[in-house]
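The next block holds one structure in the form of structure tokens; read it before the comments.
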Amino acid sequence: MTEDAPEKTADAPGQTPSLEVRDLTVRFAGLTALDAVSFTVAPGSLHAVIGPNGAGKSTCFNVLSGVYRASAGHVHFGPDELTGLPPHRIAALGVARTFQNIALPPYATVADSLMLGRHRLTKAGFLAAGLRLPSAAREAERHRERVQEIAEFTGLERYLDHPAAALPYGLQKLVELGRALCMEPRLLLLDEPVAGMTSDERRRTAAVIAGVREGLGISVVLVEHDMGVVMRLADEVTVLDFGRRIASGPPAEVQRDPEVVRAYLGDTNNSEDAEEGVTS
Numbered sequence: 027m028t029e030d031a032p033e034k035t036a037d038a039p040g041q042t043p044s045l046e047v048r049d050l051t052v053r054f055a056g057l058t059a060l061d062a063v064s065f066t067v068a069p070g071s072l073h074a075v076i077g078p079n080g081a082g083k084s085t086c087f088n089v090l091s092g093v094y095r096a097s098a099g100h101v102h103f104g105p106d107e108l109t110g111l112p113p114h115r116i117a118a119l120g121v122a123r124t125f126q127n128i129a130l131p132p133y134a135t136v137a138d139s140l141m142l143g144r145h146r147l148t149k150a151g152f153l154a155a156g157l158r159l160p161s162a163a164r165e166a167e168r169h170r171e172r173v174q175e176i177a178e179f180t181g182l183e184r185y186l187d188h189p190a191a192a193l194p195y196g197l198q199k200l201v202e203l204g205r206a207l208c209m210e211p212r213l214l215l216l217d218e219p220v221a222g223m224t225s226d227e228r229r230r231t232a233a234v235i236a237g238v239r240e241g242l243g244i245s246v247v248l249v250e251h252d253m254g255v256v257m258r259l260a261d262e263v264t265v266l267d268f269g270r271r272i273a274s275g276p277p278a279e280v281q282r283d284p285e286v287v288r289a290y291l292g293d294t295n296n297s298e299d300a301e302e303g304v305t306s
């Protein structure tokens with residue numbers, strides 16, 4: 027990652043709203059996957075949602091991004107209620123998400139993959155682009171410049187012309203993160219962004235994530251099993267177990283909670299980054 031962050035958008039950080047999750051409940055055929063879960067993500071902060079497998083983390087993310095509908099409860103992003111909105115409407119409000127499983131276009135370059143994130147921001151129509159009108163040309167140039175900035179921010183600039191799907195796994199995950207950043211989000215949902223990475227890849231990706239919050243002022247909600255990364259990066263942590271919130275607070279406070287230790291932290295083996303620290 028380069029030292030200089032890309033230029034902040036007009037909405038960030040000063041106008042980035044808080045995310046309010048209140049009594050969020052999700053039921054599937056009688057099974058309660060989330061049970062009245064509440065938490066708040068302060069503007070420009072990084073909020074981690076952790077818990078054992080099956081705790082409800084992915085379900086929570088799927089509601090926040092519009093993939094699932096809540097059975098009860100509300101999600102507000104500033105003045106806007108996200109509850110029940112489809113994914114494209116939520117994205118239009120400035121919410122971007124990455125996924126655990128990478129699904130990069132098989133033959134697209136890194137530049138092409140990042141450019142996909144600019145799609146919702148494109149205003150020139152197909153006719154204007156086809157006729158090569160000046161307005162369309164200027165917009166296309168702005169998109170290319172932004173892709174270059176995000177590539178430099180994530181450390182991908184040397185790979186822009188490479189097929190994204192042919193890159194090492196850790197770099198593919200960075201392409202996924204870069205694509206989300208190209209959407210100009212005010213809120214970024216990161217679903218296990220360092221899962222499956224080597225130690226070096228984890229440290230590099232964690233440094234980029236820290237830069238998203240500190241350099242761009244974007245609020246981040248992070249689901250991650252690597253406790254070293256979580257405890258190092260998060261401002262607040264919410265812990266789920268069997269669909270319920272069992273703890274919420276600053277990382278050091280949550281880490282000492284006996285119920286959290288029993289349910290989750292006491293079972294993790296991901297202590298390397300906690301001991302060594304996450305460096306940029």
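Heads up, the numbering used here is the position in the sequence shown plus 26, with the first residue counted as 1. Even for Gly, the Cβ is constructed at its ideal location relative to N, Cα and C.
(message) Please report the straight-line C-alpha distance between A96 and R184, rounded to a whole angstrom.
(response) The sequence position of residue 96 within the sequence shown is 70, counting from 1. The sequence position of residue 184 within the sequence shown is 158, counting from 1. Distance between the alpha carbons of A96 and R184: 42 Å.
(request) Inspect the CB distances between the segment 132-148 and the segment 179-193 and report whether three or more fall short of 8 Å. (result) yes
(message) Pairs of beta-carbons, one from the segment 93-113 and one from the segment 43-60, closer than 8 Å: are there three or more?
(response) yes
(request) Have a look at V287 and I272 and give me their C-alpha separation to the nearest angstrom. (result) Here residue 287 corresponds to residue number 261 of the sequence shown, with the count starting at 1. Here residue 272 corresponds to residue number 246 of the sequence shown, with the count starting at 1. Approximately 11 Å between the Cα atoms of the pair.
(message) Can you list, in chain order, the residues of its chain with a C-beta nearer than 7 Å to that of I116? Leave out the 5 residues immediately preceding and following it.
(response) Locating residue 116 in the sequence shown gives position 90, counting from the first residue. The beta carbon of I116 sits closer than 7 Å to the beta carbons of S91, G92 and L108 from its chain, once the five residues preceding and following it are set aside; these are given in chain order.
(request) Check each candidate in A55, H145 and F179 and name the one with the smallest Cα separation from R239. (result) Locating residue 239 in the sequence shown gives position 213, counting from the first residue. The option with the nearest alpha carbon to R239 is F179.
(request) Select from R270, G269 and V265 the residue whose C-alpha is nearest the C-alpha of P277. (result) Within the sequence shown, the letter at position 251 stands for residue 277. Considering only alpha carbons, the answer is V265.
(request) Pick out whichever of D261, D226 and G222 has its Cα sitting closest to the Cα of S245. (result) Working through the sequence shown from its first residue, we reach residue 245 at position 219. Residue D261 is the option with its Cα nearest to S245.
(request) Could you check which residue in L72, P132 and R170 has the C-alpha nearest to that of H145? (result) Residue numbering aside, residue 145 sits at position 119 when the sequence shown is read from its first letter. That would be R170, whose Cα lies nearest to the Cα of H145.
(request) Express the C-alpha separation of E165 and F268 in angstroms, rounding to a whole number. (result) Residue mapping note: residue 268 aligns to position 242 of the sequence shown, counting from 1. Residue mapping note: residue 165 aligns to position 139 of the sequence shown, counting from 1. Going from the Cα of F268 to the Cα of E165 covers about 47 Å.
(request) On the DSSP bridge assignment, give the partners of S274 in chain order. (result) Reading the sequence shown from its first residue, position 248 is the one you call residue 274. Answer is T264, bridged to S274.
(message) On the CB-based measure, 16 or more other CB atoms within 10 Å of its CB, does E218 come out buried or exposed?
(response) Working through the sequence shown from its first residue, we reach residue 218 at position 192. Counting Cβ neighbours within 10 Å, E218 comes out buried, since at least 16 surround it.
(message) Looking at V75: is its Cβ nearer than 8 Å to the Cβ of V255?
(response) Stepping through the sequence shown from its first residue, residue 75 is reached at position 49. Stepping through the sequence shown from its first residue, residue 255 is reached at position 229. It is not a contact, given that the beta carbons lie outside the stated cut-off.
(request) Measure the beta-carbon distance from H100 to R48 and round it to whole angstroms, keeping in mind my assumption that it falls under 8 Å. (result) Residue mapping note: residue 100 aligns to position 74 of the sequence shown, counting from 1. Residue mapping note: residue 48 aligns to position 22 of the sequence shown, counting from 1. R48 and H100 do touch by the CB rule: their CB atoms are close to 5 Å apart, below 8 Å.
(request) Give every residue of the same chain whose Cβ lies closer than 8 Å to the Cβ of Q198, excluding the five residues on either side of it in the sequence, and list them in chain order. (result) Here residue 198 corresponds to residue number 172 of the sequence shown, with the count starting at 1. Within the same chain, Q198 has close Cβ partners I128, L130, A190 and A191.
(request) Would you identify the three-state DSSP class for S44, choosing helix, strand or coil? (result) In the sequence shown, counting from the first residue as 1, residue 44 sits at position 18. In the structure shown, S44 sits in coil (DSSP, three-state: anything other than H, G, I, E or B).
(request) Determine, using beta carbons only, whether P69 and T42 come nearer to each other than 8 Å. (result) Along the sequence shown, one-based indexing puts residue 69 at 43. Along the sequence shown, one-based indexing puts residue 42 at 16. Yes, these two residues count as a Cβ contact at 8 Å.
(message) Please report the straight-line C-alpha distance between G275 and V263, rounded to a whole angstrom.
(response) Against the sequence shown, residue 275 aligns to sequence position 249. Against the sequence shown, residue 263 aligns to sequence position 237. Looking at the two C-alpha atoms, the distance is approximately 5 Å.
(request) Determine the direct distance from the alpha carbon of T224 to that of A98, and round the result to whole angstroms. (result) As a first step, residue 98 must be located in the sequence shown, where it is residue number 72. As a first step, residue 224 must be located in the sequence shown, where it is residue number 198. Roughly 39 Å between the two C-alpha positions.
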